[in-house]
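What follows is a short report on a single structure.
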């Protein structure tokens, strides 16, 4: 079965019947968007229906854990810097402010995401989702959802980190501004 047929089957059999429970078309649209983003995040089979955008040089995905090549001192320096940025998979720049245990992301479309920042052991840090008015981030996460990141390399205050979701390692660089 090709991807278009699969998507139509999913929509007609599962998504649309659920959405028809709601009379308000604005609510239906919001729920459809949430379902779409959550399926992309949590369902590998659904994700394969949509070809990935070309990755930037600072972002990649792989099935094996990256090789750890960082000292404890380098890791401990990470939260001493308050201004970073990273490049998303689609090539867009995201500015990060790290202050008062908050991680605030500003996107190119002037939307934001706010998360709690918690330093962990072994070059790890946790981000806990608070809120976002960014379409993708606001629909990918729910309040209180936690993400565990691991710093695995540092060079000239550019940190290579990964986030593991299921069997995939999402790798990107966080760069000092």
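In the numbering used here, the protein residues as written are 38 to 214.
Even glycine gets a Cβ: it sits at the ideal position worked out from N, Cα and C.
Bear in mind that the values here come from a model prediction, so they are computed numbers and not experimental data.
Delimiting residues of the alpha helix (DSSP H) encompassing residue i
i	result
residue 66	62-79
residue 56	53-56
Sub-8 Å separation of residue i and residue j beta-carbons
i	j	result
residue 95	residue 124	yes
residue 57	residue 68	no
residue 122	residue 214	yes
residue 198	residue 212	no
residue 142	residue 129	no
residue 2	residue 161	In the structure as shown, the chain starts at 38 and stops at 214, and residue 2 therefore has no counterpart that could be examined.
residue 138	residue 154	yes
residue 207	residue 103	no
Cβ separation of residue i and residue j, assumed to be a contact under 8 Å, to the nearest whole Å
i	j	result
residue 152	residue 135	With a Cβ gap of about 10 Å, residue 152 and residue 135 do not count as contacting.
residue 177	residue 74	5 Å
residue 106	residue 158	18 Å between Cβ atoms; not a contact.
residue 140	residue 133	6 Å
Span of the beta strand (DSSP E) around residue i
i	result
residue 214	That residue, residue 214, is in no beta strand (DSSP E); it is neither H nor E in DSSP.
residue 98	96-99
DSSP beta-bridge partners of residue i
i	result
residue 207	98, 200
Every unbroken alpha helix (DSSP H) inside the region 137-204 [4 residues or more]: Runs of the alpha helix (DSSP H) lying entirely within the region 137-204, each at least 4 residues long, are 172-177 in chain order.
message: Ignoring anything shorter than 3 residues, give me the beta strand (DSSP E) runs that lie fully in the region 103-140, in order along the chain.
response: 120-124, 130-136
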